[in-house]
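A.B. asks: Structure in structure tokens, see below.
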Amino acid sequence: MKKPLITKKRIIFILMLLATLAIFASTTAYYAAIPFGVLVIWTCISFLPSMLTGKKLVCEISGGSQGSKSNPISFRVTFKNRSLIPIFAAGTRVEIENVLSGEAIEENLNFALGPKGRRTLEISAKDSCCGAIKASISKASIGDPLGIRQADIVLRGSDIHYILPKPEEIEFKDEKFNSYNMESFKYSQSKRGNDPGEIFGIKEYMPGDSPKSIHWKLSSKLDEIVIRELGLPVENDIMIIFDNCLNPTRKMAQEEKTELIDKSITLFASISYSLLQRKIPHAIGWYGMAEGSFESDDIRDEEELWQSLRKTIACPMRENEQSSIYHFLESTVEKKYSHYIYVSCDNRDIERLAEYGAVSTIRPQS
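Note that this note's numbering has the sequence shown beginning at 587, numbered continuously upward.
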């Protein structure tokens with residue numbers, strides 16, 4: 587909805603104004619002033635909508651939900667005029683962007699509203715890539731029917747439609763994931779638990795403590811009753827890192843980049859889903875570019891996975907001078923995991939991550 591400096595309507599109006607002025611100046615007849623006067627009055631009136639109704643026009647975008655790739659996405663854009671003065675002509679530019687891939691299209695909407703009027707328009711789109719599809723107002727203006735004057739106004743409204751990846755159970759080539767069990771979990775060094783397989787510490791018996799926890803052999807030596815404090819397994823011993831920081835040295839066409847993004851997020855979701863099928867709780871992490879911080883979530887069931895995926899696909903996957911591993915290591919997120927699964931086509935900083943635990947890099951198939 588770019589505005590040219592001089593529109594055709596404005597040129598025609600200016601020519602009409604000059605013509606009526608010339609007629610008025612060339613004759614003494616009073617009626618010759620009528621056309622000129624009407625155009626002058628119309629010019630004054632054209633300023634009123636933008637001056638008086640611009641702040642009383644509101645917008646609401648709705649319709650965002652959750653769907654599959656390539657299915658139609660429909661947003662409803664509702665405009666409300668809270669003023670008693672009609673809006674003769676208004677226009678908005680709605681941007682529909684896949685936040686994950688960065689691809690976007692724009693839709694221009696033109697409308698008029700009566701006093702206290704309301705109007706709903708529909709816009710549709712499709713996307714073949716997973717991601718959070720955000721519809722938002724990028725520009726808005728109010729003018730008059732002749733297009734003499736057009737004033738930009740601030741109009742806000744947005745909604746999001748989620749296209750989640752469809753995970754598939756995968757077989758891990760690394761045998762350690764197929765045989766992963768609670769015996770391979772680390773135990774907390776700071777919190778007690780209820781696992782008799784590991785002793786957290788020894789303490790004096792207190793009323794209410796379980797008799798099963800009494801350490802009889804040590805109690806006989808100390809001449810007092812002491813009990814064993816049981817260990818707490820660290821459940822999230824695996825972290826899956828989604829690399830959404832593309833290496834800027836790798837040049838790709840937009841179509842190739844979009845395909846890589848879609849395959850990467852689907853692989854990321856499939857790995858997490860497959861671990862859950864093996865009853866292996868874990869953590870997932872990604873770099874939040876908008877916030878400038880590394881984000882992570884614990885995943886213990888499918889509900890937590892879907893909730894976290896909605897957050898992941900709402901973060902951009904863009905070129906970044908630093909890798910996702912770099913942002914993880916520089917973050918305040920605990921480096922407590924014994925194994926890291928890195929979903930990436932990039933090798934940056936893998937050796938640094940290996941200082942904290944075993945690293946398995948899984949690359950999306952091209």
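Ideal placement from N, C-alpha and C gives every residue a C-beta, glycine not left out.
Compute the distance between the beta-carbons of ASP848 and CYS931, then report whether it is under 8 Å.
C.D. replies: no
A.B. asks: CB-CB under 8 Å to LYS843, same chain, minus the five flanking residues each way: which ones, in chain order?
C.D. replies: SER687, LEU832
A.B. asks: With a 10 Å radius around its C-beta and 16 neighbouring C-beta atoms as the bar for buried, classify CYS901 as buried or exposed.
C.D. replies: buried
A.B. asks: For TRP872, which residues does DSSP report across the bridge?
C.D. replies: GLU881
A.B. asks: Quick one, which of ILE899, ASP935, GLU683, THR898 has its alpha-carbon nearest SER910's?
C.D. replies: ASP935
A.B. asks: Between the C-alpha atoms of GLU790 and ILE719, what's the straight-line distance to the nearest angstrom?
C.D. replies: 59 Å
A.B. asks: Starting from the Cα of ILE885, find the closest Cα among ASN933, GLU755, ILE826 and give me that residue.
C.D. replies: If we check each option's Cα against that of ILE885, ILE826 comes out closest.
A.B. asks: Nearest-angstrom Cα distance between LEU601 and ALA675?
C.D. replies: Between LEU601 and ALA675, the C-alpha separation is close to 22 Å.
A.B. asks: Give the list of continuous alpha helix (DSSP H) stretches no shorter than 4 residues that lie fully inside the segment 912-948.
C.D. replies: 936-939
A.B. asks: Closest by CA to ILE671, which one among VAL663, LEU699, GLU692?
C.D. replies: The alpha carbon of ILE671 has as its nearest neighbour, out of VAL663, LEU699, GLU692, the alpha carbon of LEU699.
A.B. asks: When you compare the CB of GLU790 with every CB in chain C, is at least one pair closer than 8 Å?
C.D. replies: Absent from the structure is chain C; it holds one protein chain and no more.
A.B. asks: Look up THR678 in the DSSP assignment and give the residues it is bridged to.
C.D. replies: By DSSP's assignment, THR678 forms a beta bridge with LEU695, ALA726.
A.B. asks: When you compare only the Cα positions, how much space is there between GLU757 and LEU895?
C.D. replies: Rounded to whole angstroms, GLU757 to LEU895 spans 21 Å at the Cα level.
A.B. asks: Any contact of the segment 903-918 with the segment 866-883, i.e. 3+ C-beta pairs under 8 Å?
C.D. replies: By the Cβ rule, the segment 903-918 counts as touching the segment 866-883, because three or more pairs are nearer than 8 Å.
A.B. asks: Report the rounded CA-to-CA distance for ALA615 versus LEU607, giving the unit in angstroms.
C.D. replies: Cα atoms of ALA615 and LEU607: separation of roughly 13 Å, rounded to the nearest angstrom.
A.B. asks: Would you decide whether LEU808 is buried or exposed? Buried here means 16 or more other CB atoms lie within 10 Å of its CB.
C.D. replies: exposed
A.B. asks: Throw me the rounded Cβ distance for the TYR923 and ASP823 pair, which I believe falls under 8 Å.
C.D. replies: 6 Å
A.B. asks: Is it true that the segment 742-753 meets the segment 721-729, where meeting means three or more beta-carbon pairs spaced less than 8 Å apart?
C.D. replies: yes
A.B. asks: In whole angstroms, what separates the C-alpha of ALA944 from that of GLU877?
C.D. replies: 28 Å
A.B. asks: Should THR852 go down as buried or exposed, given a rule of 16 or more other Cβ atoms within 10 Å for buried?
C.D. replies: buried
A.B. asks: Based on Cα-Cα distance, which residue from ILE691, LYS897, ARG705 lies nearest to ASN667?
C.D. replies: ARG705
A.B. asks: Terminal residues of the continuous beta strand (DSSP E) containing GLN736?
C.D. replies: Run containing GLN736: 736-738, per the beta strand (DSSP E) assignment.
A.B. asks: Do ILE709 and ALA726 have their CB atoms nearer than 8 Å?
C.D. replies: no
A.B. asks: Please classify PRO819: does DSSP put it in a helix, a strand, or coil?
C.D. replies: Any reading at PRO819 must be qualified, since the residue scores a pLDDT of 48, below 50, and its modelled position is unreliable; the value itself is stated next. Residue state, collapsed to three classes: strand.
A.B. asks: Just how far apart, CA to CA, sit LYS752 and SER858?
C.D. replies: Each residue's Cα considered, the two are about 12 Å apart.
A.B. asks: Note down, in chain order, each residue of its chain lying with its Cβ closer than 8 Å to the Cβ of ALA690, except the 5 sequence neighbours on either side.
C.D. replies: GLU681, ILE682, GLU683, ASN684
A.B. asks: At what residues does the beta strand (DSSP E) containing GLU646 begin and finish?
C.D. replies: 643-648
A.B. asks: What is the DSSP secondary structure of LYS752, reduced to helix, strand or coil?
C.D. replies: Coil, per DSSP.
A.B. asks: Skipping 5 residues on each side, what residues in its chain have a beta carbon closer than 8 Å to that of PRO658?
C.D. replies: SER710, ALA711, LYS712
A.B. asks: Figure out for me which residue from VAL929, ARG904, HIS925 has the closest Cα to the Cα of MET838.
C.D. replies: ARG904
A.B. asks: On the three-state DSSP scale, how would you describe ARG742?
C.D. replies: coil
A.B. asks: Spell out the partners DSSP gives THR852 in its beta bridges.
C.D. replies: In the DSSP output, where bridge partners are listed per residue, THR852 has none listed.
A.B. asks: Could you pull the start and end residues of the beta strand (DSSP E) that ARG704 belongs to?
C.D. replies: 704-711
A.B. asks: For ALA718, write down the residues that DSSP places opposite it in a beta bridge.
C.D. replies: TYR748
A.B. asks: So, with DSSP's three-state summary, where would you put MET825?
C.D. replies: strand
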